[in-house]
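Participant: Numbering (the numbering used here), first residue to last: 40 to 288.
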Amino acid sequence: MRGIVLRTTKLGESDLIVTLLGKDGSQVRLVAKGARKPQSTSSARLDLYSVVQVSCARGRSLDVARETRLVAANSHVKADIARSWCADPTMELLYRATQEALPHPALYPSTVAFLAALDAADERALPAIAAADLLKAISYLGFRPSFDRCVSCGRAVDVRGADAVAFSVLDGGVVCSNCRAHTNAVAEDANTVTWAQALLLSRFADIAANPPDYTSAFAVLGMVDRLVRAHLGFRLKSLGILFSCGLFA
Ligand SMILES: [Zn+2]
Numbered sequence: 040m041r042g043i044v045l046r047t048t049k050l051g052e053s054d055l056i057v058t059l060l061g062k063d064g065s066q067v068r069l070v071a072k073g074a075r076k077p078q079s080t081s082s083a084r085l086d087l088y089s090v091v092q093v094s095c096a097r098g099r100s101l102d103v104a105r106e107t108r109l110v111a112a113n114s115h116v117k118a119d120i121a122r123s124w125c126a127d128p129t130m131e132l133l134y135r136a137t138q139e140a141l142p143h144p145a146l147y148p149s150t151v152a153f154l155a156a157l158d159a160a161d162e163r164a165l166p167a168i169a170a171a172d173l174l175k176a177i178s179y180l181g182f183r184p185s186f187d188r189c190v191s192c193g194r195a196v197d198v199r200g201a202d203a204v205a206f207s208v209l210d211g212g213v214v215c216s217n218c219r220a221h222t223n224a225v226a227e228d229a230n231t232v233t234w235a236q237a238l239l240l241s242r243f244a245d246i247a248a249n250p251p252d253y254t255s256a257f258a259v260l261g262m263v264d265r266l267v268r269a270h271l272g273f274r275l276k277s278l279g280i281l282f283s284c285g286l287f288a
């Protein structure tokens, strides 16, 4: 099977449980026997952020990894704390929101592209790439926010030239002036909504070439935090680390 390593957990003296996002977007858990022994070659390949090709043998409860081939190491993401902190909210989201035998086909190619972009981009683009990928991932998981149509009536909402726009986290998007009174919408910075829409719809290469400033990127990350809490029911701890790390001031 091919997959992206989302998490590794110690098992016994020298083994690891490796959780991957499989090619169909479902979650796969494997045992890597002896992966924590110093002479093991599989441990380096089954690192967090690696894209791997693994051949497996049937085990008692979980399958056991045999041969592992590295497809993409994403070694910059592993070595550079700024990059890994920007990758971690996505890793945590996918670990918590995907399930075994529940495919989300768009998640895998999008996450491979995200890690490659994070590996190669200038530091100034990292938070924007992280925000873009989180918006894409929650959309592929079934919670696509609406930044240009009223979530209540479907009418087009034009945020150009506005300072603020009505936004409902619970309904997942912008609200038009007619519907505002009967929703729980609050005022959201129009710049944040405009950037959220652009990041959701843009390719990573275009974001890396023309990222928003840190303030705008972090405002979108804050919106993602509220959307994930409302629609998936949990808080991304690694997003909290990104907010408090002070690396992108
Ligand atoms: Zn409306």
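We put the beta carbon where it would ideally sit given N, CA and C, even for glycine.
Taking the CB atoms as reference points, tell me whether A205 and E227 lie closer together than 9 Å.
Facilitator: Along the sequence shown, read from residue 1 onward, the residue named residue 205 stands at position 166. Along the sequence shown, read from residue 1 onward, the residue named residue 227 stands at position 188. Result yes, Cβ atoms of A205 and E227 sit closer than 9 Å.
Participant: What residue range does the alpha helix (DSSP H) around R122 cover?
Facilitator: On the sequence shown, residue 122 is found 83 positions in, with the first residue counted as 1. First-last of the alpha helix (DSSP H) with R122: 120 to 136.
Participant: May I ask you to check if the CB of R199 is nearer than 8 Å to at least one heavy atom of ligand 1?
Facilitator: The count along the sequence shown starts at 1 and reaches residue 199 at position 160. Not under cutoff, so the answer is no.
Participant: For D54, collect the residues of the same chain with a Cβ closer than 8 Å to its Cβ; drop the 5 residues on either side in sequence, then sort them by chain order.
Facilitator: Sequence index remark: in the sequence shown, residue 54 carries index 15 (1-based). Excluding positions up to five away in sequence, the list reads V70, A71, K72, G73, A74, R75.
Participant: From the DSSP output, which residues share a beta bridge with S207?
Facilitator: As a first step, residue 207 must be located in the sequence shown, where it is residue number 168. DSSP output for S207 lists G212 as bridge partner(s).
Participant: DSSP three-state label for E106, please.
Facilitator: Mapped onto the sequence shown, residue 106 falls at position 67. Strand at E106.
Participant: Measure how close the beta-carbons of L294 and A171 come, nearest whole angstrom, since I'm counting them as under 8 Å.
Facilitator: No answer is possible for residue 294: the residues shown for the chain start at 40 and end at 288.
Participant: Nearest-angstrom Cα distance between S185 and A118?
Facilitator: The count along the sequence shown starts at 1 and reaches residue 185 at position 146. The count along the sequence shown starts at 1 and reaches residue 118 at position 79. Whole-angstrom Cα-Cα distance: 36 Å.
Participant: Taking 8 Å as the line, does the beta carbon of S207 fall inside it for any heavy atom of ligand 1?
Facilitator: Position 168 of the sequence shown, counted from the start, is the residue given in the question as residue 207. No - ligand 1 has no heavy atom lying nearer than 8 Å to the Cβ of S207.
Participant: Can you tell me which residues form a DSSP beta bridge with S185?
Facilitator: Position 146 of the sequence shown, counting from 1, holds the residue named residue 185. S185 pairs with G212.
Participant: Look at the alpha carbon of V267 and the alpha carbon of R183, and state the distance between them as a whole number of angstroms.
Facilitator: Taking the sequence shown and counting its residues from 1, one reaches residue 267 at position 228. Taking the sequence shown and counting its residues from 1, one reaches residue 183 at position 144. In a straight line, the C-alpha of V267 is about 11 Å away from that of R183.
Participant: Is the separation between the beta-carbon of T150 and that of L133 shorter than 9 Å?
Facilitator: Walking along the sequence shown from the start, residue 150 turns up at place 111. Walking along the sequence shown from the start, residue 133 turns up at place 94. Their beta carbons are under 9 Å apart, which means T150 touches L133 by this criterion.
Participant: Output the distance between the C-alpha atoms of C113 and A248, rounded to the nearest integer angstrom.
Facilitator: Your numbering for residue 113 matches position 74 in the sequence shown. Your numbering for residue 248 matches position 209 in the sequence shown. Looking at the sequence provided, one finds Asn at residue 113 rather than Cys. Their Cα atoms are separated by approximately 19 Å.
Participant: Give the DSSP bridge partners of K49, in chain order.
Facilitator: Within the sequence shown, the letter at position 10 stands for residue 49. Answer is L55, bridged to K49.
Participant: On the DSSP bridge assignment, give the partners of G42 in chain order.
Facilitator: By 1-based counting over the sequence shown, the position of residue 42 is 3. Answer is G61, V91.
Participant: Is the beta carbon of F257 sitting closer than 9 Å to the one on P166?
Facilitator: Along the sequence shown, read from residue 1 onward, the residue named residue 257 stands at position 218. Along the sequence shown, read from residue 1 onward, the residue named residue 166 stands at position 127. A contact, by the Cβ cut-off of 9 Å.
Participant: Does the Cβ of N223 lie closer than 8 Å to at least one heavy atom of ligand 1?
Facilitator: Residue numbering aside, residue 223 sits at position 184 when the sequence shown is read from its first letter. No, ligand 1 has no heavy atom inside 8 Å of this Cβ.
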